[in-house]
Every structure is written in C-alpha cells, then in structure tokens.
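To start, the structure itself, in structure tokens.
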Amino acid sequence: MRFAFSQCRDNPDYPFAIYINLNRYYRLEPLLRKRPDAIAMFYTWVLSNVFVGLHEAVSEFALSQSVPIDLDTLLEFDVNVMRDLIGTLEQSRPLDGAEMLSLLG
Numbered sequence: 010m011r012f013a014f015s016q017c018r019d020n021p022d023y024p025f026a027i028y029i030n031l032n033r034y035y036r037l038e039p040l041l042r043k044r045p046d047a048i049a050m051f052y053t054w055v056l057s058n059v060f061v062g063l064h065e066a067v068s069e070f071a072l073s074q075s076v077p078i079d080l081d082t083l084l085e086f087d088v089n090v091m092r093d094l095i096g097t098l099e100q101s102r103p104l105d106g107a108e109m110l111s112l113l114g
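Basically the working numbering = 1-based index in the sequence shown + 9.
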C-alpha cells in the first residue's frame with residue numbers, strides 16, 4: 010500500500026492518495042473487554058487517523074506543487090485535536106461525552 014501511495018504521490022496523472030498506518034489498532038483491544046461502545050471508539054480512532062492522513066497528504070501536495078493552502082480553512086478540523094484523540098484512545102483511556110466535546114471544541 011505504501012508503494013501504491015508513493016506512486017500516486019509522485020505521478021500527477023494518478024489519483025490523489027492518502028496513506029494511513031493502522032498497525033496500532035491492537036492498543037484499543039483492552040477496550041473491548043471494558044466498554045460496550047468499544048466498536049464506536051474504534052471507528053472514531055480509524056476516522057481520526059484518516060483525517061490526520063488527509064491533512065498530511067494535502068500538506069505534502071501543497072509543498073510539492075508550491076501552492077499555498079490554508080489547511081485549517083480547507084479541512085475544517087484541527088489536526089492536533091485529532092492526534093490527541095488518537096493518543097487518548099491508543100492509551101485505552103475511554104472518552105465520555107463531555108471529554109469528547111472538550112476535545113472537539
């Protein structure tokens with residue numbers, strides 16, 4: 010997958026690609042025994058990783074093409090909040106509704 014991503018990144022005729030690494034999913038496994046909403050938390054973790062990958066891919070594209078892009082306006086999310094959310098979930102620290110709202114602003 011990384012090879013396909015690099016091919017797409019290096020060839021402007023290929024589609025825009027986003028690469029994400031989900032090999033740390035096993036860090037969320039303890040939540041399966043502790044929380045009834047563990048699957049929803051896993052989906053949140055995956056989507057957060059997709060958002061971070063999208064941010065990185067667009068940023069890399071902008072640099073390679075020397076195109077100024079305001080990523081915060083374009084993507085409408087704070088990548089640091091997504092990274093914090095990923096870290097929190099990978100530490101098997103579940104979020105309740107109030108914590109989720111405070112992270113997402």
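Even for Gly, the Cβ is constructed at its ideal location relative to N, Cα and C.
Alpha carbon to alpha carbon, what distance is there between S15 and Y8?
-> Any answer about residue 8 is impossible in this case: the structure gives the chain only from 10 up to 114.
Return the chain-ordered list of same chain residues with a C-beta closer than 8 Å to the C-beta of V61, the five sequence neighbours on each side being excluded.
-> Closer than 8 Å at the Cβ level, and outside the excluded window around V61, lie I29, V88, M91, R92 and I95.
Kindly indicate which three-state DSSP category E38 falls into: helix, strand or coil?
-> Residue state for E38 is assigned as helix, using DSSP reduced to three classes.
Would you mind working out which of A26, C17, L37 and S75 sits nearest L98, comparing C-alpha positions?
-> L98 has its Cα closest to that of L37, out of A26, C17, L37 and S75.
So, using beta-carbon positions, are H64 and L80 closer together than 9 Å?
-> Taking 9 Å as the cut-off, the beta carbon of H64 is found closer than this to the beta carbon of L80.
Could you spell out where the alpha helix (DSSP H) holding S73 opens and where it closes?
-> Segment A47 to Q74, the alpha helix (DSSP H) holding S73.
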